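Chemist: Going by the working numbering, the letters in the sequence shown line up with residues 895 to 1211, in that order.
The beta carbon of each residue, even a glycine, is placed where N, CA and C say it ideally should be.
Keep in mind that this is a model prediction, so the values were computed, not measured.
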Amino acid sequence: MAAPHQFLKSPLTAGIVGCPFSGGQPKAGVDAGPLELIESGLLDDIKALGYEVDFQGADTLAHALVSDGTADPDIGKLKKPRLVSKVTKELAERVYAHSSKGQLTVTLGGDHSLAMGTVSGTFKQYPEAALIWIDAHADINTPLTTPSGNLHGCPVSFLLGLPGTSKEEIPEFGWIEPVLKPERLVYIGLRDIDAGERKILKEHNIKCFSMFHVDKYGIGAVVEMALDHVGRQRPIHLSFDVDALDPEVAPSTGTAVRGGLTFREGHYITEAIAETGRLVSLDIMEINPSLGHELSVQQTVSIGRSLVRCALGETLL
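(1) Could you tell me the boundaries of the alpha helix (DSSP H) in which A1024 lies?
(2) Under the three-state reduction of DSSP, which class applies to Y1020: helix, strand or coil?
(3) Considering only the beta carbon of each residue, do V1143 and I1178 sit closer than 8 Å?
(4) Excluding the 5 residues preceding and the 5 following P905 in the sequence, name in chain order all residues of the same chain whose CB lies nearer than 6 Å to its CB.
(5) Considering only their Cβ atoms, is the gap separating Q900 from G1068 smaller than 8 Å?
(6) Is it right to say S994 is buried, meaning 16 or more other beta carbons lie within 10 angstroms of its own, or is it exposed?
(7) Straight-line CA distance for A1023 to P1041?
(8) Is it right to say G912 is buried, meaning 16 or more other beta carbons lie within 10 angstroms of its own, or is it exposed?
(9) Determine the DSSP secondary structure at G912, reduced to helix, strand or coil.
(10) Could you pull the start and end residues of the beta strand (DSSP E) that E946 belongs to?
(11) Here's the rule: buried if 16 or more other CB atoms are within 10 angstroms of the residue's CB, otherwise exposed. What is F1106?
(12) By Cβ distance below 6 Å, which residues in the same chain neighbour A1115 in space, the five residues on each side in sequence not counted?
(13) According to DSSP, is V1174 helix, strand or coil?
(14) State buried or exposed for G1198, treating a residue as buried only when at least 16 other CB atoms are found within 10 Å of its CB.
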């Protein structure tokens, strides 16, 4: 049975932020993910769970996404840095606006560079929060280590304030404060990590549960260890990249990696976090409706909806 919500205000309200953005990576189509989720019936799902819904439209950040003609050359290897900064900064403001009203914020992406904004907005309201990151990838490359320059592989490094991300080194992202502490971050589902990321994770002693640990201990034990690590009293921001799931489960995503979480393992994570009563913000990222045939898209969108429902407290019994 889920615990009462410890940080949200009554009546329970889900603040929905649709962010149709693909600028943090090279594959078109991930910007269509939010609208697919909305049109599939997600808002009705949430209302059926007893939440009021505060939603301004799937194009809520549309004006930030329209190019104003300003040149956006690479900064080092980083691609589209000014666009990503502009969108994530505004997203941070939107997330904070919902969080500051005591709402449970649900951000629908879009690519995972958006977490620069979602986590920043959440931690502005809840500075002692913890971040649980569900992903095949660590997304902790810095401007100094990134092999590709795609910013969806870098958000965690900016949130931690790692070398190469400071205001002095890259003023275009100067609005991002290093709100995250390594001991309040935990990963589940990792299985594709760059060499530079592996070094960062070890140097900062960041708690990681790879698929090896899921296989070894089982998902129930992994989630309990993750919650113990970040502390049992903190608000939780859950950032869920659907590529954490095995491609057979969620095929329509841009950087699929074999050997991922099963359908049940992915849903168990969201169910267990809902049970704590401490979830204050949720990201569902990297659903790309342009990848795969119609049935695989429907399957992936359906899983995105069910992950949201479980995170918001849906139970079988």
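Modeler: Reading from the atomic positions:
(1) A1024 -> not in any alpha helix (DSSP H); beta strand (DSSP E) instead, spanning 1024-1028.
(2) coil
(3) no
(4) E946
(5) no
(6) exposed
(7) 30 Å
(8) buried
(9) strand
(10) 946-949
(11) exposed
(12) none
(13) strand
(14) buried
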